[in-house]
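Report on one structure; see the data block that follows.
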Amino acid sequence: MWPYHSDLLRVPVPRYTSFPTAAEFGPIDGCDYREALENVSGDVSLYVHIPFCEKICFYCGCNTGAAGRRQRLTAYLDALHREIMAVSALLPAGTRVTRLSFGGGSPNAIAPTDFIRLVDLLTVRFGLVDPVCSIELDPRTMSPQWAQAIARVGIARASLGVQTFAAHCQHRIGRVQSEDMIVATTDSLREAGVTSLNFDLMYGLPGQTRDDLLDSLHRTRVLHADRVALFGYAHVPHIVPRQRVIDSDAMPDQAERFAMAQLGFDYLVTHGYAPVGFDHFALAGRDPLARAALGGRLHRNFQGFTDDDAPNLIGLGASAISAFPHLLVQNEKNGGRYRMRVDAGGLAPERGAHRGAEDRSRGAIIEGLLCHGRATLPPRIRAQSDARLAPFVARGLVEMAGDTLIIAPGGLPYARTVAAIFDPYRAESARRFSSAV
Ligand SMILES: C[S@@+](CC[C@H](N)C(=O)[O-])C[C@H]1O[C@@H](n2cnc3c(N)ncnc32)[C@H](O)[C@@H]1O
Ligand code: SF4
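Counting in my numbering, the sequence shown runs from 33 upward without gaps.
Right, dumping it as structure tokens:
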């Protein structure tokens with residue numbers, strides 16, 4: 033049983049998919065991005081953002097919009113092609129791309145033929161040789177043609193937005209999809225050669241009960257999902273206006289959310305899944321993510337917990353984020369302005385942050401705590417954090433072993449809150465984030 037301490041969970045904290053977080057991003061000089069591309073050293077991961085979905089869900093916090101008319105998608109894809117040409121021209125000759133990920137939005141909001149053309153261009157321009165390929169998919173817009181495209185490209189890892197199987201919750205969150213649709217999508221992806229299939233599930237939804245959650249977890253297991261991402265619904269209508277239509281009175285309170293997180297954890301770990309970080313799970317001993325977690329090779333990036341160890345991530349498309357050891361860069365978020373920026377100069381960097389030695393050292397502590405449940409604290413940082421760690425130590429949620437801070441098994445739901453102690457930018461501005469559980 034995880035101990036519940038409401039006072040320690042009250043302050044919203046970042047998800048720490050980067051450090052510094054996107055909340056710290058400010059204006060950056062486009063020349064810095066260009067220089068980072070020209071001086072890339074080591075392997076590269078590519079992330080391609082498709083900011084469209086056929087139907088927009090009420091709860092969604094992602095940067096996406098309605099696919100609408102085909103002309104809009106074509107204009108976006110044209111700009112994306114131009115950005116790919118520009119970025120690939122800047123990389124040093126011989127740069128090796130080890131991963132290719134498509135996310136969104138819903139990459140399958142575009143036509144499969146457009147997707148194949150996009151992959152062909154990426155293959156030629158970046159000299160791709162059998163990278164690990166992954167894609168996020170909306171089951172509502174899957175088609176046999178899309179399954180064929182996935183088979184043709186050789187995508188081994190796919191992630192489906194399932195959220196919940198409970199019909200009454202689906203209506204409340206504007207995300208209606210039948211179980212038959214999930215089953216058919218799962219079957220078609222397996223036939224297409226997907227070997228690692230993730231289901232995104234959510235708890236904390238309006239009207240959702242523990243039985244609803246248990247039922248969704250059970251169906252997920254029966255469908256043999258290799259991975260599960262179990263997200264606590266982040267309700268932040270002051271940042272995401274589309275969430276205003278969600279009935280917040282029907283949402284479980286913090287204590288109930290905590291119980292749901294515990295229920296999800298217990299169910300999955302007693303049914304063959306290994307915990308990966310604080311909200312991912314993967315089939316123990318079988319899935320590469322579970323093996324990475326066990327082997328201490330887990331990382332955290334903008335896509336969540338990952339076994340990707342490339343030192344450079346290049347994001348392509350509107351709002352996509354690139355991460356280099358010394359620099360984080362986010363592309364222009366607005367689709368129209370992204371197209372104009374790419375038309376004008378090929379690249380579209382808009383905001384970002386330089387990572388100095390102090391940021392890198394604190395980022396390593398935060399990543400260590402979230403990915404491995406432990407981190408070595410340099411004496412100066414330990415001295416600064418002792419007082420804020422005290423309540424967690426007193427309640428047995430963390431412990432010090434020499435200079436190593438260890439999160440106790442019952443401290444897992446507090447991992448983000450403990451990590452935030454090492455984030456000097458967090459003194460203010462909590463309103464931008466969601467609760468840790
Ligand atoms: C890019 S989508 C996944 C693929 C596809 N667009 C779909 O929904 O089927 C990313 C995931 O983020 C999660 N998500 C979106 N908004 C969220 C929120 N407000 N709180 C928690 N999770 C959220 C959902 O689980 C969703 O599946
Ligand atoms: S959850 Fe997925 S399908 Fe729904 S709006 Fe967000 S990105 Fe689109």
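Beta carbons are placed, not taken as given, at the ideal position from N, Cα and C, and that holds for glycine.
Residue i by DSSP, collapsed to three states: which one?
i: V45; result: strand
i: Q294; result: helix
i: Y305; result: strand
i: V430; result: strand
i: G62; result: helix
i: S393; result: helix
i: R19; result: Since the displayed the chain opens at 33 and closes at 469, residue 19 lies outside it and no answer follows.
i: S280; result: helix
i: S466; result: strand
i: G442; result: helix
i: D39; result: helix
i: Y91; result: coil
i: I271; result: coil
i: M33; result: coil
i: G239; result: coil
I'd like the span of the alpha helix (DSSP H) that includes residue i, first residue to last.
i: Q180; result: 176-185
i: G336; result: Premise fails: G336 lies in the beta strand (DSSP E), 336-338, not in any alpha helix (DSSP H).
i: V151; result: 144-158
i: V215; result: 211-223
i: I439; result: Premise fails: I439 lies in the beta strand (DSSP E), 436-439, not in any alpha helix (DSSP H).
i: R242; result: 242-254
i: Y370; result: 367-377
i: T53; result: Per DSSP, T53 belongs to no alpha helix (DSSP H) and is neither H nor E.
i: L326; result: 320-326
i: R448; result: 447-452
Alpha carbon to alpha carbon, how far is residue j from residue i? Give it in angstroms, no decimals.
i: G100; j: A426; result: 55 Å
i: E86; j: A141; result: 6 Å
i: I148; j: L132; result: 13 Å
i: A396; j: G336; result: 16 Å
i: S461; j: L315; result: The pLDDT assigned to S461 is 47, lower than 50, so where the model puts this residue is not dependable; a value taken from the coordinates is nonetheless given after this. The straight-line gap from Cα to Cα measures roughly 37 Å.
i: L429; j: V301; result: 20 Å
i: T106; j: D146; result: 9 Å
i: T96; j: A415; result: 43 Å
i: L122; j: A380; result: 14 Å
i: P357; j: D75; result: 12 Å
i: A261; j: N230; result: 7 Å
i: T338; j: P83; result: 22 Å
i: K365; j: G328; result: 34 Å
i: P411; j: G434; result: 11 Å
i: P124; j: V72; result: 7 Å
i: H303; j: R102; result: 44 Å
i: A389; j: R157; result: 33 Å
i: Y446; j: T436; result: 17 Å
i: C94; j: A54; result: 13 Å
i: M33; j: Q294; result: 8 Å
i: G378; j: R114; result: 6 Å
i: L40; j: Q180; result: 49 Å
i: G400; j: R406; result: 6 Å
i: Y470; j: Y48; result: The structure shown has nothing for residue 470, since the chain only spans 33 to 469.
i: L246; j: Q202; result: 15 Å
i: Y108; j: V80; result: 12 Å
i: A199; j: R172; result: 15 Å
i: E223; j: L321; result: 22 Å
Could you please give me the residues that DSSP links to residue i through a beta bridge?
i: C85; result: A98
i: V76; result: V129, N344
i: F231; result: L192, V260
i: N71; result: None, per the DSSP bridge assignment.
i: V361; result: S354, G384
i: G136; result: I82
i: H312; result: A261, V308
i: H331; result: T338
If we count the other Cβ atoms within 10 Å of its Cβ and call it buried at 16 or more, is residue i buried or exposed?
i: E70; result: exposed
i: E67; result: exposed
i: M432; result: exposed
i: V129; result: buried
i: Q177; result: exposed
i: G443; result: buried
i: H250; result: exposed
i: G317; result: exposed
i: M292; result: buried
i: V254; result: exposed
i: P269; result: exposed
i: A98; result: exposed
For the beta strand (DSSP E) that contains residue i, what are its first and last residues?
i: Q202; result: Note, Q202: premise wrong, no beta strand (DSSP E); alpha helix (DSSP H) at 199-204.
i: S166; result: 164-169
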